[in-house]
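Peer 1:
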Amino acid sequence: MATTTRITVKASGTYDILLNKGSLSDIGQALKERFKPCSIAVLSDDKVFPLYGKTVTESLDKAGFTTVSHVIPNGEQSKTLDNVTSFISRMVDAQITRTDMVIALGGGVIGDMAGFAAAIYLRGIPYIQVPTTLLAAVDSSVGGKTAVDISAGKNLIGAFHQPALVYLDTDTLSTLDPQVMRDGFAEVIKYGIILDRKLFDTVAKTGSFDLKSVIARCIEIKRDVVEADEFDKGMRGLLNFGHTFGHAIEKLSGFTITHGSAVARGMIVAAKVARVYGFTDYTDVITKVVRDYGFETECPYSADQLYSVILSDKKRAGADITLVLPKSIGACTLEKMPATQVLELMKKAGL
Ligand code: NAD
Ligand code: GLY
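Numbering (the numbering used here), first residue to last: 564 to 914.
Right, here's the structure in full:
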């Protein structure tokens with residue numbers, strides 16, 4: 564096994580992110596070194612659990628933990644209050660107490676749900692993130708945002724609840740569908756554009772970098788942002804680069820365009836808007852990297868169509884919208900403006 568990289572987050576809870584390659588079967592030992600023996604409720608999905616459930620639960624059992632597993636169908640449609648309730652019922656049946664823990668074994672859907680269940684069960688118990696998608700590794704497993712979807716929209720019910728540990732084995736990413744892996748790269752590219760030119764240059768050279776180091780750098784950036792603005796009142800908004808337009812694209816497509824693909828196109832829209840806003844034009848630079856990762860680069864929707872969805876975005880503050888715009892690669896800014904100006908800028912940018 565390679566050397567473990569440890570990144571510590573100091574937020575309302577202080578916790579480590581342990582990053583390694585081939586370390587999943589050692590999870591029990593890693594937890595034993597940090598936590599007292601207890602019961603652990605593992606939440607996973609029906610794609611991930613058959614691949615990694617046995618390795619995780621056997622390792623935990625061997626280290627003296629008692630496990631109970633709850634497996635739900637994979638996919639965003641499972642991120643519901645009903646599924647949180649059934650997971651909690653399972654925890655009640657297993658007599659999980661405040662001194663016990665939850666493990667999220669899966670991608671962002673499982674991480675968000677398990678985190679939310681842990682936030683509300685008995686008014687909060689500890690949980691551990693074991694991310695198995697690239698998106699979950701670089702983004703959703705870190706920072707304590709937990710949520711479920713309701714019919715009115717995605718992530719509308721949730722809580723901030725920092726994990727007690729994030730345990731990542733990058734080997735688990737080897738079984739991802741290529742499209743799910745690629746979607747994760749949209750977030751990696753995003754980190755480079757918002758805060759780290761060197762990271763951007765590294766990932767722009769597709770296929771010629773060490774994935775574990777790139778993931779570690781993304782996690783460090785997320786750590787820095789979360790430590791500076793845990794409760795999303797200011798600079799954490801930078802993580803939404805490409806997402807305001809991306810969410811609109813995703814929604815207008817009836818979710819046939821995947822999240823990563825929509826964010827990738829959303830970053831290009833943001834670059835176009837930045838140009839007409841008066842910033843240096845990085846449209847070609849961003850379009851090239853997006854294309855090189857195999858994403859479509861054209862936004863299939865008009866300014867008016869995008870605007871109608873953006874107006875209903877939960878992140879809107881009153882009549883204003885805050886856009887994340889690239890001033891240069893590695894330096895994005897938050898630009899608050901009247902909603903109508905966003906429409907004007909998109910039209911001026913040719914959308
Ligand atoms: P996901 O959890 O649905 O995983 C995508 C697919 O990959 C699923 O079918 C899953 O079963 C499968 N999968 C996962 N790991 C696998 C593996 N190792 N091998 C084979 N298949 C595997 O989706 P995601 O993209 O990981 O996460 C998206 C979710 O994350 C959304 O709900 C989004 O709202 C949330 N999110 C949360 C935050 C946050 O800060 N909390 C940030 C970004 C996104
Ligand atoms: N992925 C957005 C956030 O963590 O704030």
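Note that beta-carbon positions come from the ideal geometry of N, C-alpha and C, so glycine has one too.
Count the other CB atoms within 10 Å of the CB of residue 732; is the residue buried (16 or more) or exposed (fewer)?
Peer 2: If you draw a 10 Å sphere on the C-beta of residue 732, you find 16 or more other C-beta atoms in it, and that means buried.
Peer 1: How about residue 638: is its Cβ closer than 7 Å to a heavy atom in the ligand GLY?
Peer 2: no
Peer 1: Sort out for me which residues DSSP pairs residue 899 with in a bridge.
Peer 2: 885
Peer 1: Check residue 814 in the structure and name its three-state DSSP category.
Peer 2: helix
Peer 1: Is there at least one non-hydrogen atom of the ligand COA closer than 7 Å to the beta-carbon of residue 799?
Peer 2: The ligand COA is not among the ligands present in this structure, which contains only the ligand NAD and the ligand GLY.
Peer 1: Thinking just about the alpha-carbon of each residue, which of 572, 870 and 822 is nearest to the one in residue 901?
Peer 2: 870
Peer 1: When DSSP builds the beta bridges, which residues end up paired with residue 634?
Peer 2: 607
Peer 1: Roughly how many angstroms lie between the CA atoms of residue 889 and residue 867, to the nearest whole one?
Peer 2: 23 Å
Peer 1: Excluding five sequence neighbours on each side, which residues of the same chain lie with their C-beta closer than 6 Å to the C-beta of residue 912?
Peer 2: 835, 836 and 839
Peer 1: Pop quiz: residue 606 and residue 677 are said to be a contact at Cβ under 8 Å. What is the actual Cβ separation, rounded to whole angstroms?
Peer 2: 4 Å
Peer 1: For the candidate residues 830, 790, 687 and 671, whose alpha-carbon lies nearest to that of residue 909?
Peer 2: 830
Peer 1: What residue range does the beta strand (DSSP E) around residue 692 cover?
Peer 2: 690-694
Peer 1: Could you say if the stretch 721-735 and the stretch 569-582 meet the contact criterion of at least three C-beta pairs nearer than 8 Å?
Peer 2: yes
Peer 1: With distances taken Cα to Cα, identify the nearest neighbour of residue 863 among 812, 818 and 847.
Peer 2: 812
Peer 1: First and last residue of the alpha helix (DSSP H) that includes residue 618?
Peer 2: 617-625
Peer 1: For residue 762, which of helix, strand or coil comes out of DSSP?
Peer 2: helix
Peer 1: With respect to the beta strand (DSSP E) encompassing residue 730, which residues constitute its N-terminal and C-terminal limits?
Peer 2: Boundaries of the beta strand (DSSP E) around residue 730: 728-732.
Peer 1: Report the CB separation of residue 679 from residue 657 in whole angstroms; it is logged as a contact under 8 Å.
Peer 2: Rounded, the Cβ-Cβ distance is 18 Å, inconsistent with contact.
Peer 1: Strictly by DSSP, which residues pair up with residue 838?
Peer 2: Residue 838 has no beta-bridge partner at all, per DSSP.
Peer 1: Per DSSP, which residues does residue 641 bridge with? Please list them.
Peer 2: DSSP lists no partner for residue 641.
Peer 1: Evaluate the contact criterion for the stretch 610-617 versus the stretch 632-640: three or more CB pairs, one atom per stretch, below 8 Å.
Peer 2: yes
Peer 1: Are residue 777 and residue 789 touching if we call contact CB-CB under 8 Å?
Peer 2: no
Peer 1: What span of residues does the beta strand (DSSP E) with residue 719 cover, start to end?
Peer 2: 716-723
Peer 1: Decide if the stretch 780-789 is in contact with the stretch 687-702; the criterion is three or more beta carbon pairs, one per stretch, under 8 Å apart.
Peer 2: yes
Peer 1: Hey, would you say the C-beta of residue 819 is under 7 Å away from at least one heavy atom of the ligand NAD?
Peer 2: no
Peer 1: Would DSSP call residue 700 helix, strand or coil?
Peer 2: It is helical.
Peer 1: Do the CB positions of residue 594 and residue 623 come within less than 8 Å of each other?
Peer 2: yes
Peer 1: Going by Cα to Cα distance, which pick from 848, 805 and 846 is closest to residue 827?
Peer 2: 805
Peer 1: Check whether the Cβ atoms of residue 696 and residue 743 sit closer than 8 Å, and answer yes or no.
Peer 2: yes
Peer 1: Should residue 690 and residue 722 be called a contact, given that it needs their Cβ atoms to be closer than 8 Å?
Peer 2: For residue 690 and residue 722, no; Cβs fall outside 8 Å.
Peer 1: Please state whether the Cβ-Cβ distance between residue 856 and residue 763 is less than 8 Å.
Peer 2: no
Peer 1: Does DSSP put residue 713 in a helix, in a strand, or in coil?
Peer 2: strand
Peer 1: Can you tell which of 896, 565 and 572 has its C-alpha closest to the C-alpha of residue 791?
Peer 2: 572
Peer 1: Helix, strand or coil: how does DSSP classify residue 831 here?
Peer 2: helix
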